[in-house]
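Remarks on the structure that follows.
Protein chains: 4
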Amino acid sequence: MSAPAAPTTTRTYSYLGPAGTFTEAALAQVPEAVGQNWRSVNNVGEALDDVVSGRSDAAMIAIENSVEGGVSVAQDALANIPGIQIIGEYLVSVNFVLVARPGTRIEDVRVINAHPVAYAQCHLWLDATLPNHEHIPASSNVAAASTLFEGSLADAAVAPPNITKHYDVELLAENLGDNPNAVTRFVLVSRTVVVSEPTGSDKTSLIVELPEDEAGSLLSLLEQFSTRGVNLSLIQSRPIGDALGRYRFVIDADGHIRDERVADALLGVKRFSPSVIFLGSYPRADKAVITHKTRYSNEVFADARDWLRGIVSGETASSD
Amino acid sequence: MSAPAAPTTTRTYSYLGPAGTFTEAALAQVPEAVGQNWRSVNNVGEALDDVVSGRSDAAMIAIENSVEGGVSVAQDALANIPGIQIIGEYLVSVNFVLVARPGTRIEDVRVINAHPVAYAQCHLWLDATLPNHEHIPASSNVAAASTLFEGSLADAAVAPPNITKHYDVELLAENLGDNPNAVTRFVLVSRTVVVSEPTGSDKTSLIVELPEDEAGSLLSLLEQFSTRGVNLSLIQSRPIGDALGRYRFVIDADGHIRDERVADALLGVKRFSPSVIFLGSYPRADKAVITHKTRYSNEVFADARDWLRGIVSGETASSD
Amino acid sequence: MSAPAAPTTTRTYSYLGPAGTFTEAALAQVPEAVGQNWRSVNNVGEALDDVVSGRSDAAMIAIENSVEGGVSVAQDALANIPGIQIIGEYLVSVNFVLVARPGTRIEDVRVINAHPVAYAQCHLWLDATLPNHEHIPASSNVAAASTLFEGSLADAAVAPPNITKHYDVELLAENLGDNPNAVTRFVLVSRTVVVSEPTGSDKTSLIVELPEDEAGSLLSLLEQFSTRGVNLSLIQSRPIGDALGRYRFVIDADGHIRDERVADALLGVKRFSPSVIFLGSYPRADKAVITHKTRYSNEVFADARDWLRGIVSGETASSD
Amino acid sequence: MSAPAAPTTTRTYSYLGPAGTFTEAALAQVPEAVGQNWRSVNNVGEALDDVVSGRSDAAMIAIENSVEGGVSVAQDALANIPGIQIIGEYLVSVNFVLVARPGTRIEDVRVINAHPVAYAQCHLWLDATLPNHEHIPASSNVAAASTLFEGSLADAAVAPPNITKHYDVELLAENLGDNPNAVTRFVLVSRTVVVSEPTGSDKTSLIVELPEDEAGSLLSLLEQFSTRGVNLSLIQSRPIGDALGRYRFVIDADGHIRDERVADALLGVKRFSPSVIFLGSYPRADKAVITHKTRYSNEVFADARDWLRGIVSGETASSD
């Protein structure tokens, strides 16, 4: 990561707090953030606003999880806020516990406070274990637990496992998550900077709008990548918001914008689309090395350009 | 619409209540539902469960809105509950008002109760008018208002315009919606029945899973439609939920499963995909007549089959 | 091969003669033709006319060779003569010798009689060995040699290796062919019959015209095959003949018209094209077994049809 | 045309002679060739060799006609001879007359001398008018007539209409051509030079080899053009000659190599193909103006490059 601020200065990182959230766990994976100033905020908008305004050097936000899909607020914010860029990607295993005020017994639980995403991920367990429960939505996973002590109507809360380090709660049950492999993907966002060098294991994120009123335009968009040998690991639609049926696409492409094939695909996409937002090229959390056919290598791109230049200039002409 | 129950019996329709919701407004558009039994339920799962269990003949649910995109809970329910089918589509203009307990002045409002989707749609107005407001999420647009009288911490609620017919609230402001053209799309769902006849203005809804670990498989899926001249009005990704990056696609195709080109595209999709769910073919709410090139007409499909049959049987052979 | 005449009757096979031609060598590979009546004709048109008129049961004609490509006369004849069908495919290695009247020395050869295709295949050898030679075109490879004794101006002739069995010629040189792997592909043609059963190693030949005035129509044609997993071993353009730039395409597809994926591709092609000629499905000369992904198997096609039928009929409905 | 030699020097143009051929008629359409040295040669190979060796400045050769398709010898020569380039395109209407030695009556004609291509174009007329005729192939359309006076066995010859200006022949019949709209396309070929400026009505010719052993590679080749909005007016297969089933493709694309979309398509083709031969970008004979969607204009290509450069350099970053 090319640090957005000088290394001698203390840097500030915003994250969805308070202490104990999964977002905090993601930020703990960033070596450059260790020992720096961590700023707890209330929502994604606030985190990104910190970056744009310069209050923070970077912000950690959840962008995709294996149960709920793209976190729509984050995707929409990235689509609408100019001047920011993804510089890193982090994965956090997601599981949940059921906690309550000390002395509560699980058979007495009727009203449960839970962030809607967490609630969706624990739905099967809750339906089976507490069939008559009622759900009150919370603003965050930690808030679900913390408000137990602030006059909440809830008897119990769904919370991250490390909540017990931060609050004096009673642990009623563990491993509530319906999917034991659940993972949430976080991205670290900074102001726009010079794109870092490729590592060979990179990802490039885009938000692309389709041309209007044209049959097959998604097909044409995908061909811009496939004809350059660029694989997509994510393609997700999000409504643009101005009319029913109008969508933009959030795309993660394998490779780095400094890879010739990715750059060429982006040129094709840019010419095709009325609006392309480059969100960043950054090292992959899964460390997977991106491979491709020889025909899509940087050398082949450079050779083709040399060939074309020779033809146009007539350099390859026979002397006479 | 082919009525799912005999006309002499009273039919039951489930909808997200209570009275005053947009879903109720959608149900009011169904001629067959007039004068029948309307059953108010608390969420989409309950509505669909009514249909599956036979408690209701049909259920009205929100499936897409112009601001928030596919209503994820509804899409996931349709993907996971067998034996149900979409039989109709309805559009409702969406706008919001700000209401409060009688005597409240707008300048005194600090805490606002609002369903998260409604809140997102009124975000700009609220930020501009009440910059210091705090948001409490409600379980429905009507509940946001009704809980004002049940000890809620909220000072005001975001609610549908006709809320004033049902509750004794004070109207503080109108037209809160950021997008004046906002529309929500609802579908009427019944148990699986014989598919109704095409009307010439139809839509076919599917949920399709992509083959795993195959580059370009979304491209291949889209080609199944484009090579048969079938246009898609909606393609939206939803996470399957078992692993990060695994998605299924919610698709609305122009035309009816009894149109040859749509049927042939569905055969292609079925052979290609590990899982296809047919959600229904039904008349379009926008009444748009679907046109296509002559080469995709039913007659051309029938002629091609005759031609093939003649070849294989040697019927077209010269006599000797 | 399903014999076009009853086995107890003597069958007649037409071929480009006289004895000694490569076409005769191809006919010698047909087990059913052994001991039957072989009819030597002067050109492809005559051979096919024999079949159409019933004078012959089948005709052997050259259809493609590795140097000259599609034999245009044969391809155009197949495109224009209705009621005929390819029922078999045969490969003959092609090489040439230089022969002359007895007593001729190679250093005395100046004028060479050769069929134009043979001449093209021996061009490099002739230019290197006899740089000052002159070429007189012959109507067939054997005629090139036989006319040496009929007052021809030629000093020598390019001919098939077995010419020395049939004519009293002096062998001046062997292995004239520029390409030692040269092979000519022949097809056996009969009147239209019931298509034979698939063998698992089959080829299907078509002639397809593209829709006029439509950008990308060749791409669309190829997609009809690729979306059904059908590989093409040959695609060759031939002018339609009515205007400059108007072409039809000669196509060899892997598989048999009784294979579901091939039949479905043909249906797609038929709907798309203003003119499709089915030339036949027949066992491959190279005996290569055609493989395909599971998704393109006959079972998958049948399952998809069952699935569609169930949906349309509502058979998959939940009972109530 | 950028003249390959200084304008004050006399230039030499090679063409398939002798005087009276269609090729001569094509050369007569070239303004720069008027009053220069015209060199009659015996075949296409000789004409191109004149250019390569410098004996001529340019050569006129037939490349496609509406009946016989690509003139295979010319296409193969262009594929195999380096250092030459197409600099112009010309169309000549093609029709034929039947001529004989003075005193011959049409009812006495039995043996007809004709170039094989001419013979094929007059086949229907000859079969109808002289059903018992015999055909002797000639080396050119003019030679067919001229050899009538050199001891030919032929009674009559098929020749171009203006043959009567050059030889003392008797005109037996006119308008023999089966297709009254028959046209032959000629190209003017010079040594490789700096490509001329686009005129807005241009054509770019290529010869492209497909990657081996790869299903769908022709489809991928065509996509290189379609994704850049480049239409193809000709795509024709020619055998490479080393093995059965190996083909290269002769392609005429709308537009000029100095058009950004064509250049970008050529880069894509070059990266994809094991062998690409650029034959030239030159003004179209039909003067058709090439149009395209705005998204494929030079400005859009330049804008996309600027956008990409800004992103990679971080120039679009917010200042801080």
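Protein chains in written order, with full-length UniProt numbering: chain P, 1 to 320; chain R, 1 to 320; chain H, 1 to 320; chain E, 1 to 320. From the three backbone atoms N, C-alpha and C, an ideal C-beta is built for every residue, glycine too.
Residue i in three-state terms, based on DSSP
i, result
"N43/R", "coil"
"F186/R", "strand"
"S318/E", "Only weak support is given to the placement of S318/E: the predicted model assigns it a pLDDT of 34, under 50, and the question is left unresolved by the model."
"residue 398/P", "As displayed, chain P neither begins before 1 nor continues past 320, which places residue 398/P out of reach and without an answer."
"S152/E", "coil"
"L124/E", "helix"
"R238/E", "strand"
"A59/H", "strand"
"residue 327/H", "No answer is possible for residue 327/H: the residues shown for chain H start at 1 and end at 320."
"A243/P", "coil"
"residue 344/E", "The displayed coordinates of chain E run from 1 to 320. Any statement about residue 344/E would go beyond what the structure contains."
"A3/R", "Below a pLDDT of 50, predicted positions are generally treated as unreliable, and A3/R, at 45, falls in that range; the measurement from the model is reported next regardless. Note: A3/R maps to coil in three-state DSSP."
"T12/E", "strand"
Cβ pair residue i, residue j closer than 8 Å
i, j, result
"L172/R", "W125/R", "no"
"V99/R", "A138/R", "no"
"V92/E", "F186/E", "yes"
"N132/P", "R110/P", "yes"
"N95/E", "V183/E", "no"
"A59/R", "V189/R", "yes"
"S14/P", "D50/P", "yes"
Neighbouring residues, chain P, relative to residue i (Cβ below 9 Å)
i, result
"D259/R", "Residues of chain P passing the Cβ test: none, with the nearest at roughly 16 Å."
"F249/E", "Going along chain P, no residue has its Cβ under 9 Å from F249/E, so there is no contact; the nearest lies around 17 Å."
Bridge partner(s) assigned by DSSP for residue i
i, result
"E170/R", "A100/R"
"G280/E", "S205/E"
"P31/E", "Paired residues: none, contrary to the question."
"Q85/P", "S190/P"
"L218/P", "Answer by DSSP bridge pairing: none, since L218/P is not bridged."
"P137/P", "A114/P"
"L91/R", "R185/R"
"F249/E", "V208/E, S237/E"
Interface flag, residue i vs chain E, CB-CB below 8 Å
i, result
"F186/P", "no"
"I136/P", "no"
"residue 321/P", "Residue 321/P lies beyond the range of chain P shown here (1 to 320); nothing can be said about it."
Chain-ordered neighbours of residue i on chain P, where CB pairs are closer than 8 Å
i, result
"E223/R", "L219"
Closer than 8 Å to chain P by CB, residue i
i, result
"S233/E", "no"
"S237/R", "yes"
"F96/E", "no"
"F149/E", "no"
Chain-ordered neighbours of residue i on chain R, where CB pairs are closer than 8 Å
i, result
"T227/H", "S220, E223, Q224, T227, G268"
Per-residue contacts from residue i into chain E (C-beta, under 9 Å)
i, result
"Q29/H", "Near Q29/H there are no residues of chain E at all, since even the closest Cβ is about 16 Å away, more than 9 Å."
"V195/P", "I311, V312, S313, G314"
Cutoff 8 Å: residue i Cβ touching any chain H Cβ
i, result
"G35/E", "no"
Proximal residues of chain P, C-beta to C-beta of residue i below 7 Å
i, result
"G216/R", "S226"
"residue 325/E", "No answer is possible for residue 325/E: it lies beyond the span of chain E, which begins at 1 and ends at 320."
Cross-chain neighbours of residue i in chain H, by beta carbon under 7 Å
i, result
"R271/R", "R295, V300, F301, A304"
Chain E contact residues for residue i, given Cβ-Cβ distances below 7 Å
i, result
"F22/P", "Correct list: empty, because the minimum Cβ distance to chain E is about 29 Å."
Residue-level contact to chain R via CB, residue i, 8 Å cutoff
i, result
"A6/H", "Note that A6/H has pLDDT 49, beneath the 50 cutoff, so the model's placement of it is unreliable and no number is given."
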